[in-house]
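Residue numbers (my numbering), protein chains in the order written: chain A, 9 to 582; chain B, -14 to 405.
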Ligand SMILES: Cc1cc2nc3c(=O)[nH]c(=O)nc-3n(C[C@H](O)[C@H](O)[C@H](O)COP(=O)(O)O)c2cc1C
Ligand code: SF4
Ligand code: SF4
Ligand code: SF4
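In structure tokens:
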């Protein structure tokens, strides 16, 4: 067995037995000739793998902030009441197991849960009751599950849509026949294509590096791990036009000379697996995948899908590569680009789903088409997932340069006050900034906007984000692992009401240290929102803390400090 | 290999092209502190202590290979502070009770604590309950001290090449776990090697570390001769009022007070320029006058400690936390990882010496209430100075006091730093 098969093999055990037993570990360790602790280390990294028996139905309830605002607590209680199980605990119940999980890409239909990876959306206590009862009498998940499709609420008028225009299989691939890889790269450079996964690195440059690498094997990897809470735009592409993404990968293969492609699909999107597989098959049937593509002798490319297993950090490209290699998804040190040293040391291109789709359209439609859409630096359109306090949550394909105000209007936001741009690792903005334009020149956005109205507690939002980072950090570097935990203590302190303005200054200083010294993007961005919110929502935070000048007295919560003692004495001594 | 030139903090340096920055800096006489970096291992980049800037971009120095024209910053105020902060994070994330640690004096992390001048941590201690795993054949892993540097994971292998250690879990639950089967295959030498490459006291070999601790405390640079002496205090003698000092022991062991008395004859010089007010030394129970300085031993474990501390704050111009217990809880804070109820039951109901069927946990309105955890003094009132050590050396305490009282410049020298 190859190490790269490890995740798949673990899924086989997990799916068949509901958990991964000691025996399974021994068997795998023996086959791979490694120690058992290595397998154990991998299993415990991914939260969808279990080491103890689970029930027939494993329920993963999303605990993102959007879910919290839409009734997470009630739904959670309902699940516990109806099943008799407790969240996060392994119990004797052979039918159900309950776990919380980070955002599952259904923010427009929260609260949502996955039951054996089937989607269940817009949950409320009654619905939970009915689902659990039906499962108990043996109704199948297939008949009960909801449609996870996100509504496409908006496409730009005047034939400007790029992603959701009519699609004909092979239209962009056929274009490559007439062009050399260099010419195609030129087209990408002209439209200024940059990665849509959040880092906005030049796609043309990335592919050029790979093309120029003399690595004997090369890989094209599609990053479909969309884990940033509040984001579900990649899902909409994979659900509506998976073919477009595949075409992008084929073009990348043509340009770089890579012959192997992998789509790393987050396990939360398992329900899209078949669809993507079918799409791949269509390409094979047409001779667009396999050997001698388009009749070109040396043009060979195959794509396989690899399921993740629950770990946000695996969206970071080097962590994703580690994960594909059958390891813990720890981001690598920043020494090489994946195009220099990627999957098993080979030159590797990792791009976001939307990036591939857009690349395919650029080749299909040509540079002229893009020249008048978007702004100087951001050409074309962008998919944005909008959720939260809006009447019309869903997918918005907007022209780059659209203002926040327009978007709020389109999505019918109610009393918007606090907006989270690009998820927890992005940034927050306040009312004063609603005129800002979404584009590289002003406010860059990776693909999600969460809208919160003025009745929401900002502290609750930040607390949810910090919890997320504490759980999803890979744990291998100090500032991110310990620093985020320390900042979480500050939230607890604010909630106790014993913070002063000095604490707020410390939060910003400490956040800066974490972002300065962390190894990967997760730690580098995890504290940004907290610090920003303190500056941008001064009125809110000033009400939460005591203002203090140089020599302020320390607040000490005596009541809390003696609470335990008093209650122990009261309950045991009288 | 080609020689190249590059800059560190503006200074011209030369090295072989592609050489690891840490080594290259060392050759040029510049020390970049590290913990996870280990001679022949691939750079791990996990501890982040060696964070530097390369052409303005931060990166772990151990993961950088020098190249022509690089402009590297190592000791800017921002980086020095970040480095110190990372070490502080390690101290608060684990539970580092140096006075009871086998590795104390030989611990690389402790050494860097001294090196970077950590007297107290700016961060709150997290006091997470962590296990001490003694199940392996030869090795004990004390999770309280592990900083997850990964050295053991990469370096320690059985003769068949199998890993013995690995990370398990993720996020703030990440642990270094042991493969018991593989561990049993380690030879004595291999096991001891594991203990020695661990930069902290996390990996111990059974029966080795107590009998003969790690060695000669290689990081204890101070010895009797080098001890900074306590003198020259008499020059501050005036006809004006003497400076007034108050001292107290809260949740401490009186060890710091014993140490205060340890200046021997120095005490005679001392009382020519200062007088003691409320203090166990004078047995004055209540403040009779406002004091210039208050020395606090011990942290706060009950309501009475809090009252006394607040009284000190009111009656002293300057407050100094003396010793580890005062600074962050110290040994009494070992209980902070255990819920109070369990502590009380263990102490009063289930201990070896308690009566059978004992049900009384002492309580009365006149007895102070036990707090849910031991608090450091600076969590309760403002503390102006911290003197580390368990206990701090006598001369050291009085030198600090002298310099504070008479407003002289003073920075603690490395050999005077001690956490044990
Ligand atoms: C913690 C973390 C999580 C990430 N998650 C994703 C993700 O879910 N999807 C994605 O496409 N990129 C993600 N990225 C960005 C990738 O590292 C990488 O930049 C991207 O896949 C490159 O593709 P692009 O150039 O097409 O954007 C993440 C980065 C970090 C640091
Ligand atoms: S910053 Fe966080 S996620 Fe990234 S390597 Fe460090 S611990 Fe892992
Ligand atoms: S000596 Fe080192 S490992 Fe031991 S407690 Fe102190 S800092 Fe931690
Ligand atoms: S046990 Fe020691 S060597 Fe291993 S990771 Fe922890 S501190 Fe590092």
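Ideal placement from N, C-alpha and C gives every residue a C-beta, glycine not left out.
For the pair residue 366(A) and residue 32(B), the Cα-to-Cα distance works out to about 39 Å. Taking the C-beta atoms as reference points, residue 494(A) is found nearer than 8 Å to residue 77(B).
Contact annotation: in the segment 64 to 86 of chain B, residues whose CB is within less than 8 Å of a CB in chain A are 66, 67, 70, 71, 74, 75, 77 and 78. Cβ proximity to chain A below 7 Å picks out 166 and 167 from the segment 165 to 182 of chain B. The segment 155 to 166 of chain B makes no contact with the segment 51 to 71 of chain B: fewer than 3 CB pairs, one atom from each, lie closer than 8 Å. For residue 528(A), the shortest C-beta to heavy atom distance toward ligand 2 is below 7 Å. Here the C-alpha atom of residue 546(A) lies approximately 26 Å from the C-alpha atom of residue 449(A).
Here residue 242(A) is near residue 362(A), since their CB atoms are less than 8 Å apart. Within the same chain, and ignoring the five residues on either side of residue 283(B) in sequence, the residues whose Cβ sits closer than 6 Å to its Cβ are 234, 235, 236, 237, 310 and 311.
Remark: C-beta atoms of residue 12(A) and residue 334(A) approach each other more closely than 8 Å.
For residue 490(A), the nearest CB of chain B lies under 8 Å from its own CB, placing it at the interface with that chain. In this chain, the alpha helix (DSSP H) harbouring residue 45(A) covers 44 to 51. Rounded to whole angstroms, the separation of the alpha carbons of residue 371(B) and residue 281(B) is 10 Å.
According to the DSSP assignment, residue 302(B) belongs to no alpha helix (DSSP H) but to the beta strand (DSSP E) extending over 301 to 307. Under the Cβ criterion of 8 Å, residue 292(B) is not counted among the residues facing chain A. Scanning chain B for C-beta atoms nearer than 8 Å to the C-beta of residue 211(A) yields nothing, as the closest lies near 22 Å away.
Interface annotation, residue 149(B): in contact with chain A, CB-CB separation under 8 Å. By the CB criterion at 8 Å, residue 357(A) and residue 218(A) fall inside the cutoff. Residue contact check for residue 365(B) against chain A: a CB pair falls below 8 Å. In this structure, residue 193(A) sits away from residue 156(A), with a CB-CB distance that is not shorter than 8 Å. Secondary structure note for residue 22(A): its alpha helix (DSSP H) is the uninterrupted segment 14 to 25. In this structure, residue 459(A) sits near residue 396(A), with a CB-CB distance shorter than 8 Å. Separation of residue 417(A) and residue 406(A) (C-alpha to C-alpha, rounded to the nearest whole angstrom) is 13 Å. The C-beta of residue 32(B) comes closer than 8 Å to at least one C-beta of chain A. DSSP places residue 189(A) in the uninterrupted alpha helix (DSSP H) bounded by 189 to 198. Cβ-Cβ distances below 7 Å link residue 476(A) to 110, 237 and 432 in the same chain, with the five nearest sequence neighbours on each side left out; the list follows chain order. Shown here for residue 464(A): same chain residues with a beta carbon closer than 8 Å to its own, the five before and five after excluded, namely 77, 397, 425 and 426 in chain order.
Residue range 259 to 261 is occupied by the beta strand (DSSP E) that includes residue 261(B). Cβ atoms of residue 228(A) and residue 264(A) come within 8 Å of each other, at about 7 Å.
Rounded to whole angstroms, the gap between the alpha carbons of residue 254(B) and residue 369(B) is 25 Å. Between residue 28(A) and residue 57(A), the CB-CB gap stays under 8 Å.
At a cut-off of 7 Å, the beta-carbon of residue 17(B) does not count as near ligand 4: no heavy atom of the ligand is closer than that.
Per DSSP, reduced to three states, the secondary structure at residue 140(B) is helical. In the structure shown, residue 221(B) falls within a helical segment according to DSSP collapsed to helix, strand and coil. Taking 7 Å as the cut-off, one finds no heavy atom of ligand 4 near enough to the beta carbon of residue 182(A). Residue 340(B) is classed as exposed because its beta carbon has fewer than 16 other beta carbons within 10 Å across all chains shown.
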